[in-house]
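Below you'll find the structure, written out as structure tokens, and then a few comments.
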Amino acid sequence: MTLFDSPSFSNHEGVHAFYDDKTGLKAIVAVHSTARGPACGGTRMWNYASSAEALEDVLRLSKGMSYKNAVADLEMGGGKSVIIGDARTQKTPELFQAFGRAVESLGGVYYAAEDVGVSVADMAVARQETAYVLGLKDGPEASGDPSPVTAEGVYRSTLAVVRRLWKQDDLTGLTVAIQGIGHVGGYLADKLAAAGAKLVMTDVNAGLLAEVASRTGARIVAPDAIYDVPADIYAPCALGATLNATTLDRLSVKAVVGAANNQLATAEIGQALFERGVLYAPDYVVNGGGIINVASELRARQTGTAYDPAWVEAKLARLIETFEEILDRSASQRMPTHQVADAVAEGRIHAAEAMKLAA
Ligand code: NAD
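And the structure:
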């Protein structure tokens, strides 16, 4: 497979391959769009079976970041990077320094951050070689762990859905089935329980599951049983593609609101959910709190100020308004929510492109 005829190529502005003989670094940085600002998106380290598979992933993910950043109304474009290798056995400081030099060579077109297989500590090593890294733990502008902000966004989105479907302002009498109670799912479980929800939860980490279930009064089920739980809302907070041809018939919920990325296995599943009257909260809209938190770090750096929680709150509040607008349009135009969200993102990206051209 080549680049331009890949099914995931979507007019990407730049795709950069890096190789470093000394450290064994093999990385690809994809810049989908810089129309709204520098391309921002995490760095994933994964043992891809082939470089073609890595290319597919980085093309798809970088486009997703353009959409997520646009919907969150951030002055950032979309990009992503992948390091090909086993994150358990092939990480070295030298590898991340080499990666930092690769990012530096792009001159600020792309900002990296942690993602699957890459920790904040790894990114701190890359930072030794480049300023174009976000999501750090130390320093006045550092934004720290994005998970609480992500969970807050998912929680407020859940409340918005509850107001529409059940005409109530809290979750009293409603059951939420949560898959994955890690960083985001754990905070979300606390908030939902405090708002009166009955929780059913699962995780593959039995120790963590017991702890979160005991403090939230949740019922525990086995990982695969979560789809069959009689519940009102399904909150996927672990894996992608859990809304698929197999789970569709098992889920009995009226709404899906969760933090996981890429929840729909295919766009057709989004259409099928819509036809069945299940309200699907588009993942990259409701989980945008995390990237808003990261963006605050870029803003602080650009303006020479410190991390500003009030700015984060204002952006998060606006994101929830955008989510409500997406639900309104979905209802009035009889269009699945994921399609409306894409249209909002594309509209914002195209408007920025037009402004750039006119400038
Ligand atoms: P995490 O790794 O802290 O938590 C994920 C949890 O899912 C873990 O506890 C893990 O044991 C569990 N899990 C894994 N496989 C499972 C399975 N088959 N069944 C049930 N549980 C399983 O990750 P996180 O940071 O909480 O992120 C959760 C999801 O939200 C991911 O899809 C992530 O990409 C997405 N997301 C996270 C953020 C953020 O701010 N952390 C922002 C946007 C999107």
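Letter by letter, the sequence shown follows residues 146 to 504 in the working numbering.
Each residue gets a CB set at the ideal place from its N, CA and C atoms; glycine is no exception.
As the structure is a computational prediction, the values presented were derived from the model and not from experiment.
> Going by C-alpha distance, which of D394, Y256, H483 and F244 is nearest L267?
Replying inline: The amino acid at residue 267 is misidentified as Leu; the sequence shows Asp. With distances taken between Cα atoms, D267 lies closest to F244.
> Counting along the chain, where does the alpha helix (DSSP H) carrying R446 start and finish?
Replying inline: G434 to T448
> At which residues does the alpha helix (DSSP H) containing Q478 begin and terminate?
Replying inline: P454 to Q478
>> For a test of your reading of the model: does the CB of P427 fall under 7 Å from any non-hydrogen atom of ligand 3? Yes or no.
In response: In terms of ligand content, the structure shown lacks ligand 3 and carries ligand 1 instead.
> Any Cβ of chain C within less than 8 Å of the Cβ of S397?
Replying inline: Among the protein chains of the structure shown there is no chain C, as only one such chain exists.
> Is H328 near ligand 1, in the sense that its beta carbon is under 7 Å from a heavy atom of that ligand?
Replying inline: yes
> Would the C-beta of N389 count as close to ligand 1, meaning under 7 Å from any of its heavy atoms?
Replying inline: no
> Does the Cβ of V402 lie closer than 7 Å to at least one heavy atom of ligand 1?
Replying inline: Answer for V402: no, Cβ out of range of ligand 1.
>> Could you check if D202 belongs to the surroundings of ligand 1, using beta carbon to heavy atom distance under 7 Å?
In response: The answer is no for D202.
>> Using a Cβ-Cβ cutoff of less than 8 Å, which residues in the same chain neighbour Q242 once the five nearest sequence positions on both sides are dropped?
In response: T168, V270, A271, Q273 and E274
> What is the DSSP secondary structure of T147, reduced to helix, strand or coil?
Replying inline: coil
> CA-CA distance, D335 and V321?
Replying inline: Roughly 12 Å separates the two Cα atoms.
> Where A455 and L461 are concerned, what is the direct C-alpha to C-alpha distance, given to the nearest angstrom?
Replying inline: 10 Å
> Does the distance from the CB of G187 to the CB of K225 come in under 8 Å?
Replying inline: Taking 8 Å as the Cβ cut-off, G187 and K225 qualify as a contacting pair.
> Using the C-alpha atoms, what's the distance from W191 back to M346?
Replying inline: 28 Å
> Looking only at DSSP bridge pairs, what is F163 linked to?
Replying inline: In the DSSP output, where bridge partners are listed per residue, F163 has A172.
> Can you name the residues that DSSP bridges to E344?
Replying inline: Correcting the residue identity first, residue 344 is Leu in this sequence and not Glu. Paired residue(s): V321.
>> Closer than 8 Å is the cut-off here; do at least three beta carbon pairs connect the segment 431 to 451 with the segment 216 to 224?
In response: yes
> From the DSSP output, which residues share a beta bridge with Y300?
Replying inline: DSSP, once it has assigned bridges, lists no residue as partnering Y300.
>> Check whether the segment 407 to 423 and the segment 289 to 302 touch, using three or more Cβ-Cβ pairs below 8 Å as the test.
In response: They do not touch, by the three-pair rule.
> Where do the ends of the beta strand (DSSP E) carrying P381 lie?
Replying inline: I378 to P381
>> Please report the straight-line C-alpha distance between S292 and I437, rounded to a whole angstrom.
In response: Cα to Cα, S292 sits roughly 11 Å from I437.
> CB Y332 to CB A390, shorter than 8 Å?
Replying inline: no
> How about L319 and A342: do their beta carbons lie closer than 8 Å?
Replying inline: Yes; because the gap between Cβ atoms is below 8 Å, this pair is in contact.
> What does DSSP give as the partner residues of G222 in its beta bridges?
Replying inline: A184
> How big is the Cα-Cα spacing for V265 and A276?
Replying inline: 14 Å
> Closer than 7 Å: is that where the CB of Q324 sits relative to any heavy atom of ligand 1?
Replying inline: Because some heavy atom of ligand 1 lies under 7 Å away, the Cβ of Q324 counts as near it: yes.
> Under the rule that 16 or more other beta-carbon atoms within 10 Å means buried, what is Q324, buried or exposed?
Replying inline: The C-beta of Q324 has 16 or more other C-beta atoms within 10 Å across all chains shown, which makes the residue buried.
> Taking 7 Å as the line, does the beta carbon of A258 fall inside it for any heavy atom of ligand 1?
Replying inline: no
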